[in-house]
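**Q**
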Amino acid sequence: MPKLSQIREVFRSNNYLVIKTDTMLRIKQVKSIIDRPEDQKRTIKALGLGKINKVVDKQDTPQIRGMVAKVKHLVEVQVI
């Protein structure tokens, strides 16, 4: 694990530190997007969902977690 000072130096030099994880999330849509706000519909589409019971596997990243949090009432999530 790099020291905090090393991480700060990486960010100062505009070379961003990327931490790869092998963790995947299995996301299943369990509720319809009918009568939902437009931003939630777009989030479901961006996750690759759109129909009830459709399942997708996505890399576990902060971006995907944020999208899942936005539509948590419409999906089920498993860590695989």
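Residue numbers (this note's numbering): -18 to 61. Note that the Cβ used here is the ideal one computed from N, Cα and C, for glycine as well.
1) Let me confirm a value: Val52 is counted as buried when at least 16 other C-beta atoms fall within 10 Å, else exposed. Which label applies?
2) Using 10 angstroms around the beta-carbon of Ile14, count the other beta-carbons present and answer buried if the total reaches 16, otherwise exposed.
3) Please determine, among Lys22, Asp38, Pro18, the residue with the shortest C-alpha to C-alpha distance to Asp3.
4) How is the alpha helix (DSSP H) around Val52 delimited, first residue to last?
5) Quick one: measure Cβ to Cβ for Met5 and Gln40, integer angstroms, because I've assumed they're closer than 8 angstroms.
**A** Looking at the coordinates:
1) It counts as buried.
2) The residue is buried, with at least 16 neighbouring Cβ atoms inside 10 Å.
3) Comparing Cα-Cα distances from Asp3 to each of Lys22, Asp38, Pro18, the minimum goes to Asp38.
4) Going by DSSP, Val52 is part of no alpha helix (DSSP H) at all; its letter is neither H nor E.
5) Taking 8 angstroms as the upper bound for CB-CB distance, Met5 and Gln40 are in contact here, some 6 angstroms apart.
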